[in-house]
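In our numbering, the protein residues as written are 69 to 226. Backbone N, C-alpha and C define an ideal beta-carbon position, used for all residues, glycine too.
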Amino acid sequence: MARQSYLFTSESVAEGHPDKVCDRISDEIVDLVYREAAATGMNGWNVRCACETLATTNRVVIAGEVRVPESLMKDDKHVKPERFIEAARSAIKAIGYEQEGFTWRDATTVEVLLHGQSADIAQGVDKAADANAEGAGDQGIMFGYACRETAALMPAPI
Numbered sequence: 069m070a071r072q073s074y075l076f077t078s079e080s081v082a083e084g085h086p087d088k089v090c091d092r093i094s095d096e097i098v099d100l101v102y103r104e105a106a107a108t109g110m111n112g113w114n115v116r117c118a119c120e121t122l123a124t125t126n127r128v129v130i131a132g133e134v135r136v137p138e139s140l141m142k143d144d145k146h147v148k149p150e151r152f153i154e155a156a157r158s159a160i161k162a163i164g165y166e167q168e169g170f171t172w173r174d175a176t177t178v179e180v181l182l183h184g185q186s187a188d189i190a191q192g193v194d195k196a197a198d199a200n201a202e203g204a205g206d207q208g209i210m211f212g213y214a215c216r217e218t219a220a221l222m223p224a225p226i
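Here you go:
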């Protein structure tokens, strides 16, 4: 029997919350990839970056799969971690984290587990059934809204 009603809740987090820190690091990784693509002449439409970030005490883990310029790859399956570590530390520093347990300095370990995009997923994205459409390499449910409460068009924290 189907429920007649239910309660749907959402969490609102402020700057400095681990979820926001991870979003900021992931954004910096995507920016790095697109900057490098532009610098190397790679078509931005060919870039793929499915990046997940986890942060805990003195550790950041960046994982996922990417299609990035060769300059960011160690070989066809593994990225060069140094540039990604630098990007993560830059994001943490920009946020202003400098405390025991989490800092942009070397005390926080940044682990990079990004690898090249699987050929099967790349094929699905690159060759959609309709030549004018794009395939999807990932899926998700996003919701929210933009507003004029802040310069970033995000709602002010409650």
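Just to check my reading of the structure: V128 and V81 have Cβ atoms closer than 8 Å, yes? What is that Cβ distance to the nearest angstrom?
What you label residue 128 is simply residue 60 of the sequence shown in a count that begins at 1. What you label residue 81 is simply residue 13 of the sequence shown in a count that begins at 1. Contact doesn't hold; Cβ gap of about 17 Å is too wide.
In three-state terms, what does DSSP make of C215?
Numbered from its first residue, the sequence shown carries residue 215 at position 147. Note: C215 maps to coil in three-state DSSP.
Cα-Cα separation, G84 to A107
Position 16 of the sequence shown, counted from the start, is the residue given in the question as residue 84. Position 39 of the sequence shown, counted from the start, is the residue given in the question as residue 107. Looking at the two C-alpha atoms, the distance is approximately 32 Å.
DSSP three-state label for V115, please.
Counted from its first residue, the sequence shown places residue 115 at position 47. V115 falls in the coil class under three-state DSSP.
If we count the other Cβ atoms within 10 Å of its Cβ and call it buried at 16 or more, is M110 buried or exposed?
Numbered from its first residue, the sequence shown carries residue 110 at position 42. Buried: at least 16 other Cβ atoms inside 10 Å.
Hey, is the segment 141 to 148 in contact with the segment 162 to 178, meaning 3+ C-beta pairs nearer than 8 Å?
Fewer than three beta-carbon pairs drawn from the segment 141 to 148 and the segment 162 to 178 are found closer than 8 Å, and the two stretches are therefore not classed as touching.
Which residues does DSSP pair with T131 in a beta bridge?
As a first step, residue 131 must be located in the sequence shown, where it is residue number 63. Residue identity check: residue 131 is Ala in the sequence provided, not Thr. BP columns for A131 point to E120 and L181.
Quick one: grab the DSSP three-state call for T108.
Here residue 108 refers to the residue found at position 40 when the sequence shown is read from its first residue. The answer is helix: DSSP assigns T108 an H, G or I state.
Extent of the continuous alpha helix (DSSP H) to which E168 belongs
The count along the sequence shown starts at 1 and reaches residue 168 at position 100. It is not in any alpha helix (DSSP H) - E168 carries neither H nor E in the DSSP assignment.
What would DSSP say about V248, mapped onto helix, strand or coil?
This structure gives no information on residue 248, because the portion of the chain shown stretches from 69 to 226.
Excluding sequence positions up to five away, which residues of its chain have a Cβ less than 7 Å from the Cβ of V180?
As a working mapping, residue 180 is identified with position 112 in the sequence shown. A distance below 7 Å between beta-carbons, with the five flanking residues on each side excluded, links V180 to the following residues of its chain, in chain order: I130, V147, P149, F152 and I153.
Per DSSP, which one or two residues make a beta bridge with M141?
Here the question's residue 141 lines up with position 73 in the sequence shown. Per DSSP, V147.
Simplified DSSP state of E83, which is helix, strand or coil:
Position 15 of the sequence shown, counted from the first residue, corresponds to residue 83. DSSP places E83 in coil when its eight states are reduced to three.
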